[in-house]
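The numbering of the sequence shown is my numbering, which starts it at 1141 and goes up by one. We put the CB at the ideal spot given by N, CA and C, even for glycine. From a predicted model like this one, the values you see are computed outputs, not experimental measurements. These notes are about the structure you will find just below.
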Amino acid sequence: MVYFLYDPASQQWRYVAAALKNRSESLGAQILAAADYYTPTRILEKFEEVSGQKGRFIQVDSDTYKSFMPGPIGEEMLENHLFIENSGYFNGRDLKESHDLLQKAGYQRTSWRDFLLRNKAAFLQ
């Protein structure tokens, strides 16, 4: 399993601003708004490193997953997550071009570790 983690509150505007600042490079381009691809193991490692708490990844079966959401929403979400489970949200595409665009505009990515450090108190309640 491969995931990308995205914090819209701190990242969305950066990608939009980078596209606007670099209009000629951005026209027709697909900007991949992700800092990196993460496996569940890597997500837990960073969480434990920053929080000092132990974590555990538990993959649930499809029926259990769907049971947390009402009606057809559960099936829709499950199908979306299964679709990207192995290849990743952007089908494993290289994120470098989007990262370069951010950097050229003077912005930095927010890594999972950065996000955890900034929001550490919320995870320790």
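Tell me which residue opens and which closes the alpha helix (DSSP H) that residue i is part of.
i	result
ASN1220	1211-1224
LEU1184	1180-1191
ASP1254	1252-1258
LEU1242	1236-1244
VAL1156	1148-1161
LYS1194	Run containing LYS1194: none; DSSP gives neither H nor E here.
ASP1203	1202-1207
Which word fits residue i, buried or exposed, when buried means at least 16 other C-beta atoms lie within 10 angstroms of its C-beta?
i	result
LYS1186	buried
GLN1193	exposed
SER1118	The displayed coordinates of the chain run from 1141 to 1265. Any statement about residue 1118 would go beyond what the structure contains.
GLN1243	exposed
GLN1265	exposed
LEU1167	exposed
LEU1235	buried
LEU1222	exposed
Between residue i and the rest of its own chain, which residues show a CB-CB distance below 7 Å, the 5 nearest in sequence each way excluded?
i	result
MET1217	MET1209
LYS1206	GLY1214, GLU1215, LEU1218
LYS1260	VAL1190, SER1191
SER1150	THR1250
Compare the C-beta of residue i with all C-beta atoms of chain E and state if any pair is closer than 8 Å.
i	result
ALA1245	The chain inventory of the structure shown lacks chain E, comprising one protein chain alone.
So residue i and residue j are in contact, right, with Cβ under 8 Å, and what is the actual spacing, rounded?
i	j	result
ALA1174	PHE1230	7 Å
ARG1233	LEU1145	About 16 Å; that fails the 8 Å criterion.
TRP1165	LEU1241	Looking at the sequence itself, residue 1165 is Glu, so the reference to Trp does not match. Right, their Cβ atoms sit about 7 Å apart.
**Asked** How do the segment 1159-1166 and the segment 1206-1213 stand: do at least 3 beta-carbon pairs fall below 8 Å, yes or no?
**Response** no
**Item:** the segment 1245-1261 / the segment 1194-1206 touching (three or more Cβ pairs under 8 Å)
**Value:** no
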